[in-house]
Amino acid sequence: MKWVTVRRQDDARPGLVIDDAIHVLPGTDQLIDLLGDGGEKLADAGELAQKKPVEVIAYVEADLAAPLRPTQIRDTLLFLQHLKNARGGAEL
53 MKWVTVRRQD DARPGLVIDD AIHVLPGTDQ LIDLLGDGGE KLADAGELAQ KKPVEVIAYV
113 EADLAAPLRP TQIRDTLLFL QHLKNARGGA EL
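According to our numbering, the sequence shown is numbered sequentially starting from 53.
Structure, rendered in structure tokens:
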């Protein structure tokens with residue numbers, strides 16, 4: 053299964069790519085919500101997208117977004133400070 057995230061008028065929704073079309077998943081789940089259980093939720097969502105898509109969009113006409121939106125974004129500034137402290141304050 054190939055999944056994408058499609059931007060729509062008021063939101064971004066996951067969709068399953070089938071041939072040259074995207075079958076947009078109904079409901080409120082995002083792709084990140086479907087991960088982490090060994091693939092069962094993703095497989096169930098794939099069946100739902102195939103049988104009852106909320107919309108079918110031609111792949112070439114779709115406005116695609118990043119497939120997953122991170123829940124956190126971290127920088128490395130604190131990590132650098134940690135390394136300096138671990139070396140007794142020595143410069144790196």
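Even for Gly, the Cβ is constructed at its ideal location relative to N, Cα and C.
- Within the DSSP secondary-structure output, His75 pairs in a beta bridge with Leu68 and Val108.
- In the displayed model, Ala101 falls within a helix according to three-state DSSP.
- Scanning its chain for C-beta atoms nearer than 6 Å, with the 5 sequence neighbours on each side dropped, one finds around Ala117 the residues Thr57, Arg59 and Ala64, in chain order.
- A straight-line Cα-Cα distance of about 17 Å links Val69 and Leu87.
- As the crow flies, the alpha-carbon of Ile109 is around 6 Å from that of Ala73.
- Around the Cβ of Val76, a 10 Å sphere holds 16 or more other Cβ atoms; the residue is buried.
- Residue pairing for Arg59: DSSP places it in a beta bridge opposite Ala64.
- When the beta-carbon positions are compared, Ala97 and Pro66 come within less than 9 Å of each other.
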